[in-house]
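Heads up: the structure comes next, in structure tokens.
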Amino acid sequence: MSPIDPRLQEALDLERDPGDLPVDLREAYARFNAATQMLKATPPVSVAARVMAEIRQIPPPVHSEGPARRLIHWLGRPRAVTVRLRPVWTLALAAGLAAVLVLQWPSGGPTPGVAQGIANFVGQFPGARSVEVVGSFNDWSRGTLHLNDDDGDGIWHAKAVLPAGQHEYMFVVDGERWVPDPLAGRYVDDGFGAGQQNSLLIVRPVSAQP
Amino acid sequence: MVNDGAPDIEVVARVLGGDGEAFGILIRRYEPGLLRFATRMLGNPDAAADAVAESLVRAYRHLAQCRDPGRLRSWLYRITGNRCRSHLARRHTNDISLSDVPPPALADGSDTWAVLERGEQVALVERALASLPAEKREAFVLKHVEGMSYEEMATVTGARIPTLKMRVHRAREALLAALEEVVR
Chain C
735 MSPIDPRLQE ALDLERDPGD LPVDLREAYA RFNAATQMLK ATPPVSVAAR VMAEIRQIPP
795 PVHSEGPARR LIHWLGRPRA VTVRLRPVWT LALAAGLAAV LVLQWPSGGP TPGVAQGIAN
855 FVGQFPGARS VEVVGSFNDW SRGTLHLNDD DGDGIWHAKA VLPAGQHEYM FVVDGERWVP
915 DPLAGRYVDD GFGAGQQNSL LIVRPVSAQP
Chain A
7 MVNDGAPDIE VVARVLGGDG EAFGILIRRY EPGLLRFATR MLGNPDAAAD AVAESLVRAY
67 RHLAQCRDPG RLRSWLYRIT GNRCRSHLAR RHTNDISLSD VPPPALADGS DTWAVLERGE
127 QVALVERALA SLPAEKREAF VLKHVEGMSY EEMATVTGAR IPTLKMRVHR AREALLAALE
187 EVVR
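Top to bottom, those sequences are chains C and A.
Going by the working numbering, the first sequence opens with residue 735, and the numbers climb by one from there.
Going by the working numbering, the second sequence opens with residue 7, and the numbers climb by one from there.
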């Protein structure tokens with residue numbers, strides 16, 4: 735295999751008019767295009783029936799419950815406390831806030847379950863109109879866990895009761911931009927190739943809290 | 007009822023709203039390209055059909071995780087490409103066995119010599135493609151068979167655009183070198 739003329743590469747990348755190529759390169763260009771045409775034949779098979787038969791056997795990729803019902807369901811669960819803090823420059827402040835949240839969780843709220851914890855999501859998104867969290871704990875469904883920025887300082891907060899254990903999650907900013915938590919500390923491949931990663935959250939059970 | 011010409015984003019919303027049958031629209035829309043891509047990647051139509059079927063079921067299961075339904079095509083190709091890589095990894099080599107590449111398909115046309123010549127060319131092109139490492143083969147097929155831009159290829163593969171350009175250029179060199187054999 736020997737390098738081919740850069741002008742031919744440019745023409746194949748649509749960066750040069752093939753009509754401007756010298757005759758020998760024009761011939762190579764035509765041969766190349768004829769060859770790629772040979773590879774464009776669509777295989778005369780279909781997997782549609784097989785795939786549809788299989789997906790009819792599995793639940794639809796949505797919850798049967800609506801978002802509001804799921805949120806009510808969460809709020810009704812017992813809760814324990816685990817605090818997650820995001821922006822670097824607020825770490826010190828957040829550490830203090832974590833202690834306050836742990837100690838001052840409303841006494842009138844549901845009693846924490848031994849196998850559950852509370853995740854406190856905090857993210858810095860100045861200028862965002864909305865921020866929410868989607869993850870393995872809510873089947874990546876939008877509209878169930880919104881963060882709030884009541885004082886408009888660009889720091890968004892939300893809490894959720896989650897089963898103890900490991901959860902993957904992402905922030906969704908303004909309803910369209912999926913953002914991994916830059917300070918999650920742990921990440922896992924999203925399983926779809928291309929090296930994209932989800933943030934990883936580990937919720938400790940209330941029984942493990944000091 | 008969503009119609010066959012509805013934009014991807016609308017069909018996805020329909021499926022996520024509980025209408026699993028609407029996923030059939032997406033299958034009809036993207037199956038031909040995915041099968042072509044997988045066949046060129048794996049060199050074996052049966053293995054390609056399995057890879058595409060598994061990828062589509064996986065896509066259905068995780069449709070709520072599709073971050074941008076407006077770019078569903080890229081997402082489906084990414085899942086399928088990943089599936090093909092897994093399949094190749096199980097073979098302990100990224101190369102297609104040349105025995106997987108079908109022999110020239112000869113037809114009984116009136117111009118037998120022309121048909122034979124074309125059949126030989128097809129086999130030669132397929133073998134040249136099969137001899138490439140998987141990542142170069144993938145870049146070449148996405149660019150020249152599926153007609154993707156380098157930007158979309160980057161979304162599909164996760165590789166950087168300069169890297170993809172280099173892979174495509176190397177693949178072209180191999181292919182053109184093989185074609186020289188035909189015209190020599």
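The beta carbon of each residue, even a glycine, is placed where N, CA and C say it ideally should be.
Residue i versus the options, residue with shortest Cα-Cα distance
i, options, result
"V128/A", "A745/C, L773/C and R750/C", "L773/C"
"G76/A", "V151/A, D14/A and T169/A", "D14/A"
"N88/A", "R73/A, A65/A, Q71/A and A70/A", "A65/A"
"A180/A", "A160/A, L170/A and R133/A", "R133/A"
"A892/C", "W912/C, V922/C, G857/C and G869/C", "G857/C"
"P916/C", "D923/C, N932/C and I789/C", "N932/C"
"H93/A", "K149/A, M47/A, G125/A and R84/A", "M47/A"
"A783/C", "E27/A, E141/A and F146/A", "E27/A"
"D253/A", "V913/C, P752/C and P939/C", "Beyond the ends of chain A as shown, which are 7 and 190, falls residue 253/A; an answer cannot be given."
"A898/C", "S870/C, D923/C and I889/C", "S870/C"
"P860/C", "E749/C, G886/C and D923/C", "G886/C"
"L78/A", "F146/A, R91/A and R35/A", "R35/A"
"V147/A", "A44/A, G11/A, R96/A and P38/A", "A44/A"
"H901/C", "E761/C, Q850/C, V865/C and F766/C", "Q850/C"
"T163/A", "Y83/A, G125/A and R96/A", "Y83/A"
"D924/C", "Q771/C, W890/C, W874/C and F766/C", "W874/C"
Residue i - containing alpha helix (DSSP H), residue span
i, result
"N88/A", "L78 to R96"
"V785/C", "A782 to I789"
"E910/C", "That residue, E910/C, is in no alpha helix (DSSP H); it is neither H nor E in DSSP."
"E157/A", "Y156 to T163"
"I33/A", "F29 to L48"
"V757/C", "V757 to M772"
"V63/A", "P51 to R67"
Neighbouring residues, chain C, relative to residue i (Cβ below 9 Å)
i, result
"R133/A", "Here the premise fails: no neighbours, minimum Cβ distance about 12 Å."
"I33/A", "S780, V781, A782, V785 and M786"
Bounding residues of the beta strand (DSSP E) (the contiguous stretch that carries residue i)
i, result
"F855/C", "Q850 to Q858"
"A894/C", "I889 to P897"
"V779/C", "From DSSP, V779/C is part of no beta strand (DSSP E); its letter is neither H nor E."
"V937/C", "Q931 to V937"
"V17/A", "Note, V17/A: premise wrong, no beta strand (DSSP E); alpha helix (DSSP H) at D14 to L22."
"D923/C", "Y921 to D923"
"E749/C", "Here E749/C belongs to no beta strand (DSSP E), and DSSP marks it neither H nor E."
"E152/A", "Element bounds for E152/A: n/a, residue is neither H nor E."
"G869/C", "V865 to G869"
Rounded Cβ spacing between residue i and residue j (contact assumed at less than 8 Å)
i, j, result
"A918/C", "L934/C", "6 Å"
"L879/C", "A862/C", "Contact flag wrong, Cβ pair sits at about 15 Å."
"L138/A", "A177/A", "6 Å"
"L40/A", "V58/A", "5 Å"
"V18/A", "V785/C", "Wrong, their Cβ atoms sit about 16 Å apart, outside the cutoff."
"G30/A", "P794/C", "That pair is no contact at about 13 Å."
"V131/A", "K149/A", "Actually they do not touch by this definition, with Cβ atoms about 15 Å apart."
"E152/A", "V781/C", "The pair is not a contact, with the Cβ atoms about 18 Å apart (cut-off 8 Å)."
Rounded straight-line distance, which links the Cα of residue j to that of residue i
i, j, result
"A54/A", "Q791/C", "23 Å"
"R876/C", "V867/C", "8 Å"
"V836/C", "V906/C", "Interpretation of V836/C is limited by its pLDDT of 44, a score under 50 that renders its predicted location unreliable; no figure is taken from the coordinates."
"V21/A", "L32/A", "10 Å"
"D883/C", "G909/C", "15 Å"
"A853/C", "V937/C", "7 Å"
"Q71/A", "S61/A", "14 Å"
"N872/C", "I167/A", "34 Å"
"S105/A", "M159/A", "The predicted model places S105/A with a pLDDT of 49, which falls under 50 and marks its position as unreliable, so this point remains unresolved."
"T169/A", "G847/C", "51 Å"
"I85/A", "T161/A", "11 Å"
"R67/A", "S155/A", "28 Å"
"G753/C", "E744/C", "12 Å"
"K142/A", "R741/C", "21 Å"
"D56/A", "A136/A", "19 Å"
"V779/C", "R911/C", "37 Å"
"D52/A", "G888/C", "53 Å"
"E16/A", "W81/A", "16 Å"
"K171/A", "R42/A", "21 Å"
"R920/C", "F855/C", "15 Å"
Per-residue contacts from residue i into chain A (C-beta, under 8 Å)
i, result
"A769/C", "Q127, V131, L181 and L185"
"Q743/C", "H175 and R178"
"W890/C", "What W890/C touches in chain A: nothing, since even the nearest Cβ is about 19 Å away."
"K774/C", "R42 and V151"
Chain D residues whose Cβ lies nearer than 8 Å to that of residue i
i, result
"G30/A", "No chain D is present in this structure, whose protein chains are C and A."
Neighbouring residues, chain A, relative to residue i (Cβ below 7 Å)
i, result
"L957/C", "Outside the displayed span of chain C (735 to 944) sits residue 957/C, for which this structure offers no information."
"S875/C", "A70"
"P914/C", "Near P914/C there are no residues of chain A at all, since even the closest Cβ is about 11 Å away, more than 7 Å."
Where residue i meets chain C, residues with beta-carbon distance less than 7 Å
i, result
"T45/A", "P777"
"E37/A", "S780, V781 and A782"
Neighbour list for residue i in chain A, Cβ cutoff strictly below 9 Å
i, result
"Q790/C", "The displayed chain sequence assigns Arg, not Gln, to residue 790/C. Chain A residues near R790/C: G26 and E27."
"F766/C", "H150, R178, L181, L182 and L185"
"A918/C", "Those within 9 Å of A918/C in chain A number zero; the least Cβ separation is about 17 Å."
Residue i Cβ short of 7 Å to the ligand SAH heavy atom set
i, result
"A180/A", "You won't find the ligand SAH in this model; it holds no ligand whatsoever."
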